[in-house]
Amino acid sequence: MIGTIDEIAIRTDGVSRSYQMGDALVRAVDDVSIAIRSKEFVALLGSSGSGKSTLLNLMAGLDRPTSGAIFARGRNLAEMNSEDFAQHRSHTVGMVFQSFNLLPRMTLEENVELPLRLAEVERNDRAGRVREAVERVRLTARLTHRPSELSGGEQQRAALARALVNRPTILLADEPTGNLDSVTGDAILHLLQEINASLGMTIVMVTHDHDRAARFAHRIVTMADGKLTSDGIKS
Amino acid sequence: MKARDLTELAGRNLREALLRNSLTTLGIAVGVASLVAMLSLGVGLQELASKRLSRSGLFDAVFVSSRMNRGFGRPARPDPANASPAKPLDEEARRKIAGLANVVEVYPEIRFPTEIQFEGKPFSTTVAGIPASAKSDGAFDGMKGAFFSGPNVDEAILQIEFARDLSTQPDSLLGKDLALRYAERQPLPAEPSAGKSKAAAGGTAPHPGESDLSPGFSIVPREKIFRIVGVVETEPATGFGGFGRGRLLIPLQVAETLRIAQANDLREILRGTSSKGNYDSLTVRVKGPSQVKSVEDAIQSQGFTTFSLLDATKSLRQVFAVFDLLLGIFGSLALAVASLGIINTLVMAILERRREIGILKALGAADRDIRRLFFAEAGVMGLLGGILGVALGWLIGSALTFGTNAYLRRQELPPIDLSSIPWWMVAGAIGFSVLVSLAAGIYPASRAAKLNPVEALRYE
Ligand SMILES: Nc1ncnc2c1ncn2[C@@H]1O[C@H](COP(=O)(O)OP(=O)(O)OP(=O)(O)O)[C@@H](O)[C@H]1O
Ligand SMILES: [Mg+2]
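In order, the protein sequence lines correspond to chains A and B.
All residue numbers for the first sequence refer to my numbering, where the first residue is 590 and numbers rise by one.
All residue numbers for the second sequence refer to my numbering, where the first residue is -3 and numbers rise by one.
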């Protein structure tokens, strides 16, 4: 899992995703080629509607490109069958959303355990893995709470633990601080930074906030109208 | 996803939308219940009818007669279909038939008109000999008192009409004695003495030329005391063509020892045929209607003529098969409506759980997992609905039986068991319910599995 900085974690090759809206063709992502290296912390910036979420969903294996290729672990996502596509979502990537997306009727522990159930991890191994992930986001005291009993920041940390629990190689986060105040948001970003540094996990994070992107990420990629407009590695 | 996790999640989802899922399950249960109620009614009525029929003694009996005396006074015709020679229906033939497989009892029909003396008054009636096997065939189920305590006891059972002739209080007759008067046929002693015999029949001289070949007999009036042990409402059958005419019933073996002078004794003497000890006909009681055919064939191969009502039972079964089919179709329609309920519930659940499905997919669930999850939920609802439905169907059947019996009681008729739920119906109904539910789950499950996660997650 931990490779050299030059290893490619995920790469898109002329990838496009368009939607037919009546007579108009909306090019949400338009011919994007980008390579994300292992252990990189990438911030994806751009105005609303520029196609950030669409690109992230393509990398996450939640959506298939209209054209182009996406390579992860040497395989093209665009050509995978639905079974392998599910395996990609299960083992290669972990997702964090702006609106947390925890299952409301499950406790924190059960929410975090869910990816392990889906990945058919042995029952005996699950408890330890759940505890490890929950400890990493410092929520051990809240294991038996339901999402409605947690604060926004705690919910996002729970979602983060759930994304980490199956030990993916890439963490994809779509505006993880969008629903949080700046202090709580910063705490989440610190957590991501810590995960990136200590676990060497590749992170791609969508954000509106250029300032924060500059503070936490290694590399800032900007999009406009579905295209990449700039790609810069911080020194 | 592993089966255990799948069932856990499915159970969880079912509990979460408890009201809606319970209503759906109830819908299935009502469908299964109507199916079970209708089928149990069909089976129950069928059992009732076949029990009644076997009580009538007609469907598990074979009536045997000799080919020699087929038709009165006419010579026996050779039967080309059956090459075996005609044989007399005598004691030996009776033993042979009794020794056949599946034969319960072989007995002659004994019935004679006579006079009885009860509390000093004479009554004329018809006496019938009742075989021991009649006890179990149900005709005496509703009787007052008891069946004969043994095959050789001097006990009598009265038919209710006759009992009413004897007393206005038929119940009070139990335990009382009556005297049966009959004419006994006695072989003549070596030197016939007409003076001793009072009756006329034996007194007329036998054909002179054949006097040594066919011994004559005398008729002696006799009297025998019988204790009344029971009063029966229905008129038990004692053989083909004989049902309903015996009003005073005594054990068959006792009746046989009475050596009653019969009408054709006279004719035999006149014809000079020595058929003494031969039977006109015998009734063969078989274990069940299904064995009638084989027993009949075996008896025919021994050289006798047989008769049974086998074909009648066949067409009766056919009628009931069609009846069951119709009831089953109506029940299945009810279940079809119930499965529409399942489809509706699960399709509604997809709309409601779009987001959840999207999240599960984002976390690594395959299409197959989602499909199986919905499938499992449909299956569990089908299983629970099936179990509940069988219980409900049983309740409906019991209620129908209860109501019918309340009505029958008011009509002073014996109660009946209207519905019957055999174990195969329980298993079949539950299995059917699960299958139908799974089939109903196919469409919603595959729709849920195909849901695009990006779109599913967009729903707030
Ligand atoms: N399912 C869809 N059907 C039609 N058009 C869509 C669909 N999904 C996205 N789009 C369009 O694609 C474009 C990019 O959308 P996307 O959600 O990727 O933008 P975004 O950069 O994430 O914006 P935001 O910052 O507001 O989240 C938008 O113009 C959007 O309207
Ligand atoms: Mg977006």
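Even glycine gets a Cβ: it sits at the ideal position worked out from N, Cα and C.
Where does residue i sit, in a helix, a strand or coil, going by DSSP?
i: A/GLU629; result: coil
i: B/ILE353; result: helix
i: B/ILE221; result: strand
i: A/LEU728; result: coil
i: B/VAL149; result: coil
i: A/ASN785; result: helix
i: A/ARG756; result: coil
i: B/ILE392; result: helix
i: B/GLY138; result: coil
i: A/ILE809; result: strand
i: B/GLU101; result: strand
i: B/GLY240; result: Note that B/GLY240 has pLDDT 49, beneath the 50 cutoff, so the model's placement of it is unreliable and the number below is only indicative. Of the three classes helix, strand and coil, the one that applies to B/GLY240 here is coil, per DSSP.
i: B/LEU321; result: helix
i: B/GLY399; result: helix
i: A/MET794; result: strand
i: A/ALA708; result: coil
i: A/GLY603; result: strand
i: A/ILE777; result: helix
i: B/ILE412; result: coil
i: A/MET684; result: strand
i: B/GLY171; result: coil
i: B/ALA362; result: coil
i: A/ASP770; result: coil
i: A/ASN690; result: coil
i: B/GLU348; result: helix
i: B/THR164; result: coil
i: B/GLN407; result: coil
i: B/PHE144; result: coil
i: B/GLY381; result: helix
i: B/ASP293; result: helix
i: A/GLY640; result: coil
i: B/LEU154; result: strand
So, residue i versus residue j, is the Cβ gap smaller than 9 Å?
i: B/PRO411; j: B/VAL39; result: no
i: B/LYS172; j: B/PHE114; result: yes
i: A/ASN690; j: A/ALA748; result: yes
i: B/ASN98; j: B/VAL227; result: no
i: B/ALA436; j: B/LEU31; result: no
i: B/ASP365; j: A/LEU634; result: no
i: A/LEU753; j: A/LEU761; result: no
i: B/ARG181; j: B/SER129; result: no
i: B/ALA175; j: B/ILE221; result: yes
i: B/ALA179; j: B/VAL216; result: yes
i: A/GLU698; j: A/VAL719; result: yes
i: A/PRO765; j: A/MET812; result: no
i: B/VAL450; j: A/ASP619; result: no
i: B/ALA153; j: B/VAL250; result: Just to set this straight, residue 153 of chain B is Ile in the shown sequence, not Ala. It is not a contact, given that the beta carbons lie outside the stated cut-off.
i: A/ALA802; j: B/GLY360; result: no
i: A/VAL701; j: A/ASP763; result: no
i: B/SER433; j: B/GLY389; result: no
i: B/ILE246; j: B/ILE426; result: no
Pop quiz: residue i and residue j are said to be a contact at Cβ under 8 Å. What is the actual Cβ separation, rounded to whole angstroms?
i: B/GLY393; j: B/ALA33; result: 5 Å
i: B/ALA372; j: B/ALA6; result: 4 Å
i: B/ALA57; j: B/THR279; result: 6 Å
i: A/VAL604; j: A/ALA658; result: 7 Å
Within 9 Å of any Cβ in chain C, is that where the Cβ of residue i sits?
i: A/ALA708; result: The structure shown contains no chain C; its protein chains are A and B.
So what does residue i bridge to, in DSSP terms?
i: A/ALA747; result: For A/ALA747, which the question treats as bridged, DSSP gives no partner whatsoever.
i: A/GLN676; result: Looking at the DSSP assignment, A/GLN676 forms no beta bridge with any residue, so it has no partner.
i: A/GLN609; result: A/LEU614
i: B/ALA(-1); result: Beta-bridge pairing links B/ALA(-1) to no other residue.
i: B/SER120; result: B/GLU111
i: B/LYS283; result: Answer by DSSP bridge pairing: none, since B/LYS283 is not bridged.
i: B/ILE126; result: B/PRO247
i: B/SER486; result: This structure does not reach residue 486 of chain B, given that chain B is present from -3 up to 456, and the question cannot be answered.
i: A/LEU817; result: A/MET812
i: B/PHE303; result: B/PHE59
i: A/PHE660; result: A/ARG600, A/ASN665
Measuring from the CB of residue i, is there a heavy atom of ligand 4 at a distance below 8 Å?
i: A/MET648; result: Judged by which ligands are present, ligand 4 is missing from the structure shown, whose ligands are ligand 1 and ligand 2.
Worksheet entry | For review: beta carbons within less than 7 Å of any heavy atom in ligand 2 | A/LYS641, A/SER642, A/ASP763, A/GLU764, A/VAL795
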